[in-house]
Amino acid sequence: MNTTPATEAEQIVRSLARTLTAPQPTECLPCYLDRVLRVARCDGTLRLAKRYRDTVAPRATALERRMHQSGGCCDCEILMNVYESKSDDVHPCQGTRKGSTSPCGLWRPVRHW
Ligand SMILES: [Zn+2]
Ligand SMILES: [Zn+2]
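Numbering (our numbering), first residue to last: 240 to 352.
Pasting the structure below:
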């Protein structure tokens, strides 16, 4: 099979998407979601949160349950129901401990009354 310019472009887009959705070193979960959801749409699942967990904190197996319990049933809901930014500008991430799913100092947990 010949490689046409179209499939080459598709490959570039795909690898670009992979790069864009890769968690950065020390980037915290809400900063990661905030960054990636600007370029990728939430698909109604915790796809990105799982990707983050698998890459950064594979031992944080309770993450999904924790997110669900706080009202984060998909990636964008984590940024609405679980963590809220303290200011409008959440860049750059202040960083989090390796292997941790805690947010950096730019975020606070959403209070559920
Ligand atoms: Zn969503
Ligand atoms: Zn952060």
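We put the CB at the ideal spot given by N, CA and C, even for glycine. Remember, predicted model here, so these are calculated numbers, not experimental data.
Where residue i falls: helix, strand or coil (DSSP)
i, result
"Pro348", "strand"
"Glu249", "helix"
"Ala299", "coil"
"Leu272", "helix"
"Pro356", "No answer is possible for residue 356: the residues shown for the chain start at 240 and end at 352."
"Arg277", "coil"
"Leu287", "helix"
"Thr265", "coil"
"Asp293", "helix"
"Ser309", "coil"
"Thr258", "helix"
Local Cβ density within 10 Å of residue i, reported as buried at 16 or more and exposed below that
i, result
"Pro297", "exposed"
"Ile317", "buried"
"Arg292", "buried"
"Met319", "exposed"
"Leu311", "Sequence inspection shows Gly at residue 311; the Leu mentioned does not correspond to that position. Buried: at least 16 other Cβ atoms inside 10 Å."
"Arg305", "exposed"
Distance between beta carbons of residue j and residue i, contact taken as under 8 Å
i, j, result
"Thr265", "Gly338", "About 11 Å separates the two Cβ atoms, so there is no contact after all."
"Leu287", "Glu303", "Contact doesn't hold; Cβ gap of about 12 Å is too wide."
"Pro342", "Leu268", "6 Å"
Review point. Which runs of the beta strand (DSSP E), 3 residues or longer, sit entirely within the region 311-344?
Key: 322-324
query: With distances taken from each beta carbon to the nearest heavy atom of ligand 2, which residues come in below 5 Å, in chain order?
result: Cys267, Cys270, Cys332 and Cys343
Problem - Test item, CB below 6 Å from any non-hydrogen atom of ligand 1 - result: Cys281, Gly283, Cys313, Asp314, Cys315 and Glu316
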